[in-house]
Amino acid sequence: MTENPKQSPLAANPYLPEIGTVVETIQETHNIKTFRVVLGSEERMQNFHYEPGQVGQLSVFGIGESTFVINSPPTRKEYLQFSVMRAGEVTTKLHSLSKGDRIGVRAPLGNAFPYESMKGKDIIFIGGGIGMAPLRTLLLFMLDNRKDYGKIRLLYGARSPQDMAFSYELPDWLERKDMETVLTIDREAEGWEHKVGLIPNVLLDMAPKPRKAVAVTCGPPIMIKFTLQALKKLGFKDNQIITTLEKRMKCGVGICGRCNIGTKYVCVDGPVFSYEQLRELPNEL
Amino acid sequence: MAEAKYISNDKLTAWLDELAGKMRVIAPTRQGDAVVFAPYASGQSVELTQEATSPPKSVVFPASEDLLRYDYRKNPENLGQVDVELLPTITPEPTLVFGSRPCGVRGFLIFDRVYDGAIYKDPYYLARREATLFATITCGHAENACFCHSVGSGPGDATGSDLLLTPIGDGFVVESVSDKGSQCLESSLLEAAGGKADEAKAFREKAHQEMGEPQDFGPAQKKLLELFDDMGFWEDVSAKCISCGACTYLCPTCYCFNITDENAGLTGRRVRSWDNCMSFQFTLEASGHNPRPTKAHRLKNRVGHKFSYYPDLHEGIIACCGCGRCIKSCPVSVDIREIVTKAMAHQPPAVEEAAK
Chain X
1 MTENPKQSPL AANPYLPEIG TVVETIQETH NIKTFRVVLG SEERMQNFHY EPGQVGQLSV
61 FGIGESTFVI NSPPTRKEYL QFSVMRAGEV TTKLHSLSKG DRIGVRAPLG NAFPYESMKG
121 KDIIFIGGGI GMAPLRTLLL FMLDNRKDYG KIRLLYGARS PQDMAFSYEL PDWLERKDME
181 TVLTIDREAE GWEHKVGLIP NVLLDMAPKP RKAVAVTCGP PIMIKFTLQA LKKLGFKDNQ
241 IITTLEKRMK CGVGICGRCN IGTKYVCVDG PVFSYEQLRE LPNEL
Chain F
1001 MAEAKYISND KLTAWLDELA GKMRVIAPTR QGDAVVFAPY ASGQSVELTQ EATSPPKSVV
1061 FPASEDLLRY DYRKNPENLG QVDVELLPTI TPEPTLVFGS RPCGVRGFLI FDRVYDGAIY
1121 KDPYYLARRE ATLFATITCG HAENACFCHS VGSGPGDATG SDLLLTPIGD GFVVESVSDK
1181 GSQCLESSLL EAAGGKADEA KAFREKAHQE MGEPQDFGPA QKKLLELFDD MGFWEDVSAK
1241 CISCGACTYL CPTCYCFNIT DENAGLTGRR VRSWDNCMSF QFTLEASGHN PRPTKAHRLK
1301 NRVGHKFSYY PDLHEGIIAC CGCGRCIKSC PVSVDIREIV TKAMAHQPPA VEEAAK
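Printed below as a string of structure tokens:
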């Protein structure tokens, strides 16, 4: 979407991580843990440039690296936040880290959300499960630059109330007057006061207007599939829908040859794509 | 070419010994039925009459190399605090690859565009590439799997080499292609080439002509994309493939890799190793999802990458050097030429129906 930033400190040796320190961990759900990481020095943190949507490779030396979105916005630079769903070896090891532990960070990598061209538009965020992480970056960035954007709406869904990440932020998002937040879970649960139902159905009920709007969605593939159908039904065009892709990535810099879809490499040409761009790619998601 | 000299076969070993005194020399060596590139030891015989079984790829891009070493250290003042130190390991060694063929060197030209990118550069590869010279031998005749002339190269192609050797009489005409190559010619063992330089030129032209008409793979770039969703086609052409990956490991242009950590107590290494897009694990995600779940999907990517995606990104250049090693060494005789040819000729069923 946006040009790949050229100021990357990784230019000299893109495989060499920086050493960061975990300053805080948050157990979001039974299988999602958030890490707040600071790099080298305060000065380094201030000089660390990235854009909403960019990702980083986190290393546990001895186990390996995996890619995660930086889900704290560049407007809040006291730490870099990564939310990690436990799925394989690296993520399992990451979950064992605690405050004070060292961690390898290669960032920023990849492209960013087209937040400049979204200025003046209404934004509808549609996040499912851990797919809320990349959306959080852009959402907070937009809230920090609130006047630049039109109506901001968030639809966030998870299987159950216990599967909702960022629960500590949800009350604020629900109360804010400058955004509308709708939460949904798949099935009824005791004490749940919000929506019940699958994301695409709740989205159809919310019926955001496509005029001068952009939809940003991220979540499990099956959710994305039906969310796209719902957005189309609501009149959103392919270039008004933005999503992020996941692939098995290694080098993160477009060299190792692992995450290509035809001529595009998700690690450098993505992870952010418009649905219009995705439709032009070979069908290999 | 700047300069032409001649070396007779009886002085070749002495010249190699001289060169080996200045830098590491890697040369084709017979090992059983195979010819492989191996470090040259003084007086050793080198196999220059047939194309090596494996290319010189590993000289610049080792099958396995350390990217960095890490060292966890407990803070003696605070045993709960463990620091980690990283030590990148870039250690190029001046090297001469003696006796590669034009196709073996062409592989690195394909690498260069990826490893020396506009934004990101691979310092490990580039340091070794910079430190490596190639003394390439002109091929006198094409083997049955050779098709270098169909992918933009040829049996006398000096592109990417520092020296070009052409067998003439009882020796070789040695021509410098680069300044670094010229330095290798500063030896009293070499004599002036005289009229033999013209003979060498004629030899190369004849070798090229004898390969016959090149095949035009240009249309494959578009055609392979058109065939992307025709899984019947890909299942058909991959039916006999056993996903062994020999094709990728022996390919001078295959550059994909994996990165893994090898731990030994509180220290360890981060290692880069060749990887193979024909293996199921290559794209398997932690969630269990695999965008290339069958060998048909994987072979499609391998052929597509070489003849469509790479050319699309790199001015039409095909990411195949035509050496034919993937064909010769495939245990079940998968032939990439046949697949691309078949793809270019393939008509969608609906069109065939309309033509009847």
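Heads up: the protein sequence lines correspond to chains X and F, in order.
First residue of the first sequence: 1, per this note's numbering; consecutive thereafter.
First residue of the second sequence: 1001, per this note's numbering; consecutive thereafter.
From the three backbone atoms N, C-alpha and C, an ideal C-beta is built for every residue, glycine too.
* Asked: Relative to chain F, which residues along the segment 10-31 of chain X have a C-beta separation below 8 Å, given in chain order?
  -> 10, 11, 12, 13, 14, 15, 16, 17, 19
* **Other residues of its chain near residue 160 (chain X): CB distance less than 6 Å, five sequence neighbours each side excluded** => 185, 189
* State yes or no: is the C-beta of residue 1326 (chain F) within less than 8 Å of the C-beta of residue 1148 (chain F)? => no
* Neighbourhood of residue 2 (chain X) by C-beta distance below 6 Å, restricted to the same chain and skipping five residues each side -> Any answer about residue 2 (chain X) is weak, because its pLDDT of 49 lies below 50 and its placement is not dependable; what the coordinates show is given next. Only 111, 112, 114 meet the Cβ criterion.
* **Completely contained alpha helix (DSSP H) runs for the segment 1047-1116 of chain F, where each covers 4 or more residues** => 1057-1060, 1102-1115
* Asked: Applying the criterion that 16 or more other CB atoms from any shown protein chain within 10 Å of the CB defines a buried residue, is residue 1309 (chain F) buried or exposed?
  -> buried
* When the Cα atoms are used, what is the spatial distance from residue 1345 (chain F) to residue 1298 (chain F)? -> 21 Å
* Asked: Alpha carbon to alpha carbon, what distance is there between residue 96 (chain X) and residue 1081 (chain F)?
  -> 15 Å
* Look at the alpha carbon of residue 255 (chain X) and the alpha carbon of residue 1330 (chain F), and state the distance between them as a whole number of angstroms. => 26 Å
* At a Cβ threshold of 8 Å, is residue 283 (chain X) touching chain F? -> yes
* Asked: When you compare only the Cα positions, how much space is there between residue 137 (chain X) and residue 38 (chain X)?
  -> 17 Å
* Asked: residue 1263 (chain F) CB to nearest chain X CB: under 8 Å?
  -> yes
* To do: Say whether chain F places a C-beta atom closer than 8 Å to the C-beta of residue 107 (chain X).
  => no
* To do: Kindly give me the distance between the Cβ atoms of residue 179 (chain X) and residue 154 (chain X), rounded to whole angstroms, as I take these residues to be in contact under 8 Å.
  => 6 Å
* Spatial distance of residue 1005 (chain F) from residue 1173 (chain F) (CA atoms) -> 6 Å
* Local conformation of residue 259 (chain X) per DSSP, three classes -> coil
* Asked: Can at least three beta-carbon pairs, one atom from the segment 1048-1058 of chain F and one from the segment 1090-1110 of chain F, be found at a separation below 8 Å?
  -> yes
* Run down chain F in chain order and give the residues with a C-beta less than 7 Å from the C-beta of residue 256 (chain X). => 1256, 1257
* To do: In the DSSP assignment, find the unbroken alpha helix (DSSP H) run with residue 173 (chain X) in it and report its ends.
  => 170-175
* Assigned secondary structure, residue 265 (chain X) (DSSP; H/G/I helix, E/B strand, else coil) -> strand
* **Coil, strand or helix - residue 18 (chain X) by DSSP** => strand
* In its own chain, which residues sit with a C-beta less than 7 Å from the C-beta of residue 1059 (chain F), not counting the 5 before and 5 after it? -> 1026, 1037, 1095, 1097, 1132
* To do: Let me know the secondary structure DSSP gives residue 118 (chain X) once reduced to three states.
  => coil
* **Which of helix, strand or coil DSSP assigns to residue 3 (chain X)** => Because residue 3 (chain X) sits at a pLDDT of 45, beneath the cut-off of 50, its placement in the model cannot be relied upon, and the following sentence gives the value as read from the coordinates. Residue state, collapsed to three classes: coil.
* Asked: In this structure, what does DSSP give as the bridge partners for residue 1223 (chain F)?
  -> According to DSSP, residue 1223 (chain F) bridges with nothing at all.
* Asked: Nearest chain F C-beta to residue 248 (chain X) closer than 8 Å, yes or no?
  -> yes
* Asked: Taking 8 Å as the CB-CB cut-off, is residue 1146 (chain F) touching chain X?
  -> no
* Asked: Can you check whether the CB of residue 56 (chain X) is closer than 8 Å to the CB of residue 94 (chain X)?
  -> no
* Taking 8 Å as the cut-off, decide whether the C-beta atoms of residue 59 (chain X) and residue 71 (chain X) are in contact. => no
* For residue 34 (chain X): DSSP bridge partner residues -> X:26, X:83
* Whole alpha helix (DSSP H) runs in the segment 1164-1225 of chain F with 4 or more residues, listed along the chain? -> 1179-1184, 1196-1210
* **Beta-carbon spacing of residue 1128 (chain F), residue 1167 (chain F) below 8 Å** => no
* Between residue 228 (chain X) and the rest of its own chain, which residues show a CB-CB distance below 7 Å, the 5 nearest in sequence each way excluded? -> 241, 275
* Asked: Of all the options F:1217, F:1170, F:1272, F:1249, which has the alpha carbon lying nearest to the alpha carbon of residue 1279 (chain F)?
  -> F:1249
* What residues from chain X crowd round residue 1277 (chain F), counting only those whose CB sits closer than 9 Å? -> 257, 258
* Asked: Listing by chain order, which chain X residues have their CB less than 9 Å from the CB of residue 1245 (chain F)?
  -> None at all; the shortest Cβ gap to chain X is about 14 Å.
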